[in-house]
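K.L.:
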Amino acid sequence: MSLEKFGDSFINFVYSLAKSQILGEYDGVKVPNSCLAEALTLSKIESPRRSDKHKKGDFVEKIVAKSWIDGKITEEECVDIIKSAIMKYDLKERNEERKAIIEGFKDLLNEIKKRC
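Residue 399, in the working numbering, is where the sequence shown stops; the numbers in between run on with no holes.
#1: Can the beta-carbon of residue 343 be found less than 8 Å from the beta-carbon of residue 368?
#2: Helix, strand or coil, according to DSSP, for residue 391 in the structure here?
#3: Short of 7 Å in beta carbon distance, which residues of its chain neighbour residue 290, apart from the five on each side in sequence? Order them along the chain.
#4: Look at residue 327 and residue 393 and say whether their C-beta atoms are less than 8 Å apart.
#5: Closer than 8 Å by C-beta to residue 339: which residues in its own chain qualify, once you throw out the five before and the five after it? Chain order, please.
This is the structure we're talking about:
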C-alpha cells in the first residue's frame with residue numbers, strides 16, 4: 284500500500300470524525316482531491332511543480348500521513364484543528380462543506396509545516 288492510499292484513508296477518517304463530533308451524528312465522508320489541492324494552494328506549503336489537482340491531493344495525503352506516522356501530529360490534534368476551522372460552516376449544505384474542508388485542511392497543513 285502506498286503512503287498516498289494510507290493518507291487518503293487517514294484524511295477521510297479525521298475529517299469524518301471532526302464532522303461527526305460537530306453534528307452529533309456519525310458521518311463517513313470522502314474528502315475530494317480538489318478540496319485538498321485547493322487547501323494546499325492556500326497553505327504555506329509549496330505545491331509540487333507541474334501538478335494537477337489529483338497529484339496535489341495525493342501530495343497532501345502523503346504529507347499528512349507521514350506527519351502522523353512520524354509522530355509530528357496525533358489524530359486527535361488533526362481532528363481538533365479541522366473541527367476548529369469547520370464548526371462555523373453549515374456542514375449539511377454542500378458548498379459550505381466544501382469551503383469548510385478547504386479551510387480545515389489548509390489549517391492542518393500550516394500546523395504541520397510549523398512542526399516539521
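The beta-carbon is built from N, C-alpha and C at its ideal position, and this holds for glycine as well. None of these values were measured; they are calculated from a predicted model.
P.N.:
With the given structure in hand:
#1: Numbered from its first residue, the sequence shown carries residue 343 at position 60. Numbered from its first residue, the sequence shown carries residue 368 at position 85. No, they are not a contact pair.
#2: In the sequence shown, residue 391 corresponds to position 108, counting from 1. Residue 391: helix per DSSP, three-state reduction.
#3: Looking up residue 290 in the sequence shown gives position 7. Around residue 290: 344, 345, 347 and 348.
#4: Stepping through the sequence shown from its first residue, residue 327 is reached at position 44. Stepping through the sequence shown from its first residue, residue 393 is reached at position 110. Yes. Within cutoff.
#5: To locate residue 339, count along the sequence shown from 1; it is residue 56. Closer than 8 Å at Cβ, skipping near neighbours: 316, 319, 320, 323, 324, 330 and 331.
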